[in-house]
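Peer 1: Numbering (UniProt numbering), first residue to last: 1 to 388. We put the CB at the ideal spot given by N, CA and C, even for glycine.
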Ligand SMILES: Cc1cc2nc3c(=O)[nH]c(=O)nc-3n(C[C@H](O)[C@H](O)[C@H](O)COP(=O)(O)OP(=O)(O)OC[C@H]3O[C@@H](n4cnc5c(N)ncnc54)[C@H](O)[C@@H]3O)c2cc1C
Ligand code: HEM
């Protein structure tokens, strides 16, 4: 039976599904693994709480798929995970030690259910995970990451930086995608960032980074990134895209959520005829709308693009005078005041549009709900995963 034994698979799913019991099991797994393989411990950051959660979540998702008797998606997911794990420096030997530790922990924690069927199902799941991940990693010939040098660090506002780099090789990503990035100030703390320009044949790339209060990597970028720093960028993810034959487009960007939408707009600018694109670019203060001059420049020569700036507040804080003034030139859309979900839906449901949302999870969720409530079809709304 093994992978097809749905009843046993449900017991396994209950054991790994994130919660207090699974926490004990997953903690035990990592303890066993690191006790036998110190080199695996070195790959992880000191705090493992989030890692335990994402590992349990991945196993739970896998059990769900197997219970539903779907094999294609799990294999594709595990293969991608294996290829992506190369950037951490994972070796085939790590997979062997992980397998022993995971089997041991599962056997101990499922002792009351342990019989021939359970043993077979657990062995098959662990063998599938390890086999597909390590096989895909082994078969992949592209490099797991590319290094590059910071050329410029521009402070666009008090909490947003624009970082320009030249990579050793041209990066290969589609406009709208995001990439894992590692900075020298925080080795082994990969974070997703979205390039704000389409892939460049000479290896130039630009990121817009907003510092998150209490955030490790983003605050280090704003405070410490310097020309000459060596950054590491891994392979792209994400599927935000525009279908040029699928009608007009609504884009909603909150702060640095602008980056991937800007890359898509720049990519469209290669064509003279495009669907109409209406971009709402929102932030708290007018002075936070850091990239408006570039957007207006693009809009002034590309009639298919219109840009509506939106700020939550009408006035600027005292620090605004230190940064360029983003007041619109005459003839362009006047800045609107309010929260993005309210302002965007004031104009209607946008139900005939391809809709792309990007920004903080709260803004994306609220805007999506507001649009759906107004009649926009959920399947026309695209956004990236809401957490890293
Ligand atoms: C698909 C995607 C694309 C992205 N693109 C961009 C982009 O283009 N530009 C950009 O600026 N950002 C982008 N991000 C966000 C980025 O990846 C980081 O998540 C963000 O910069 C925060 O990272 P950090 O290391 O600064 O914060 P972290 O250290 O990861 O902390 C994040 C938050 O959690 C809180 N926190 C941390 N540890 C704890 C704890 N133990 N207990 C309680 N709270 C805690 C922090 O206070 C903070 O508020 C993207 C994210 C995703 C998912
Ligand atoms: C050889 C074994 C493995 C090693 C050495 C390894 C190592 C790592 C490391 C270092 C991270 C990043 C942690 C961080 O930055 O906070 C990570 C993330 C992750 N791992 Fe693994 N891992 C292994 C196997 C697996 C397996 C078998 C799964 C589950 C099926 C898994 C699921 C994940 C997930 C979901 C993430 C978060 C997403 C990501 O960053 O890629 N890993 N792993």
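Just to confirm the assignment: which complete alpha helix (DSSP H) runs, minimum length 4, are found wholly within the stretch 49-111?
Peer 2: Uninterrupted alpha helix (DSSP H) stretches at least 4 residues long and entirely within the stretch 49-111 occur at 49-67, 72-85 and 92-109, given in chain order.
Peer 1: Which same chain residues, not among the five before or five after residue 66, have their C-beta less than 6 Å away from its C-beta?
Peer 2: 3 and 9
Peer 1: Tell me whether residue 212 counts as near ligand 1, meaning its Cβ is closer than 6 Å to at least one heavy atom of that ligand.
Peer 2: yes
Peer 1: Using the C-alpha atoms, what's the distance from residue 24 back to residue 171?
Peer 2: 41 Å
Peer 1: One question on the structure: do residue 230 and residue 184 come within less than 7 Å of each other, judged by their Cβ atoms?
Peer 2: Yes.
Peer 1: Pull up the distance between the alpha-carbon of residue 18 and that of residue 121, whole angstroms please.
Peer 2: 20 Å
Peer 1: Going straight from the alpha carbon of residue 74 to that of residue 136, what length do you get?
Peer 2: C-alpha separation (whole angstroms): 13 Å.
Peer 1: Name, in chain order, the residues that DSSP records as bridge partners for residue 146.
Peer 2: 233
Peer 1: Any heavy atom of ligand 2 inside 6 Å of the beta-carbon of residue 94?
Peer 2: For ligand 2, at least one heavy atom lies less than 6 Å from the Cβ of residue 94.
Peer 1: Which term fits residue 169, buried or exposed, when burial requires 16 or more other beta carbons within 10 angstroms of its beta carbon?
Peer 2: exposed
Peer 1: Look up residue 205 in the DSSP assignment and give the residues it is bridged to.
Peer 2: 165
Peer 1: Going by DSSP, what residues sit across from residue 281 in a beta bridge?
Peer 2: 253 and 309.
Peer 1: State the beta-bridge partners of residue 337 as determined by DSSP.
Peer 2: 311
Peer 1: Got a sec, what are the start and stop residues for the alpha helix (DSSP H) residue 30 sits in?
Peer 2: Per DSSP, the unbroken alpha helix (DSSP H) holding residue 30 starts and ends at 20-36.
Peer 1: May I ask you to check if the CB of residue 365 is nearer than 6 Å to at least one heavy atom of ligand 1?
Peer 2: No, the Cβ of residue 365 stays beyond 6 Å of every heavy atom of ligand 1.
Peer 1: Find the nearest neighbour of residue 338 within the set 351, 315, 110 and 357, judged by alpha-carbon distance.
Peer 2: 315
Peer 1: How many Å lie between residue 336 and residue 54 at the Cα?
Peer 2: 39 Å
Peer 1: Can you tell me where the alpha helix (DSSP H) with residue 369 in it begins and where it stops?
Peer 2: 361-374
Peer 1: Who does residue 157 pair with in a DSSP beta bridge?
Peer 2: 160
Peer 1: Please tell me whether residue 365 and residue 357 are closer than 7 Å, where the distance is taken between their beta carbons.
Peer 2: Taking a C-beta distance under 7 Å as the contact criterion, residue 365 and residue 357 do not qualify as a contact pair.
Peer 1: Within the continuous beta strand (DSSP E) that includes residue 356, where are the two ends?
Peer 2: 354-358
Peer 1: Between residue 229 and chain D, is there a C-beta pair that is closer than 7 Å?
Peer 2: Among the chains of the structure shown, chain D does not appear; only one protein chain is present.
Peer 1: Out of curiosity, what's the CA-to-CA distance linking residue 108 and residue 82?
Peer 2: 26 Å
Peer 1: Using a 10 Å radius around the Cβ and a threshold of 16 neighbouring Cβ atoms, would you call residue 387 buried or exposed?
Peer 2: exposed
Peer 1: Compute the minimum distance between the beta carbon of residue 45 and the heavy atoms of ligand 3, and state whether it is under 6 Å.
Peer 2: The model depicted lacks ligand 3 and carries ligand 1 and ligand 2 instead.
Peer 1: What I want to know is whether the C-beta of residue 55 ends up closer than 6 Å to one or more non-hydrogen atoms of ligand 2.
Peer 2: Taking non-hydrogen atoms of ligand 2 into account, the C-beta of residue 55 is found less than 6 Å away from one of them.
Peer 1: With burial defined as no fewer than 16 other Cβ atoms inside 10 Å of the residue's Cβ, what is the status of residue 177: buried or exposed?
Peer 2: buried
Peer 1: Consider the C-beta atom of residue 391 and the heavy atoms of ligand 2; say whether any pair is separated by less than 6 Å.
Peer 2: Residue 391 lies beyond the range of the chain shown here (1 to 388); nothing can be said about it.
Peer 1: May I ask whether a heavy atom of ligand 2 can be found less than 6 Å away from the beta carbon of residue 387?
Peer 2: no
Peer 1: List the endpoints of the continuous alpha helix (DSSP H) containing residue 116.
Peer 2: 116-139
Peer 1: Hey, out of 126, 102 and 197, whose CA is closest to residue 205's CA?
Peer 2: Among 126, 102 and 197, the Cα nearest to that of residue 205 is on 197.
Peer 1: My understanding is that residue 99 touches residue 126, with C-beta atoms under 8 Å, so please give their C-beta distance in whole angstroms.
Peer 2: 6 Å
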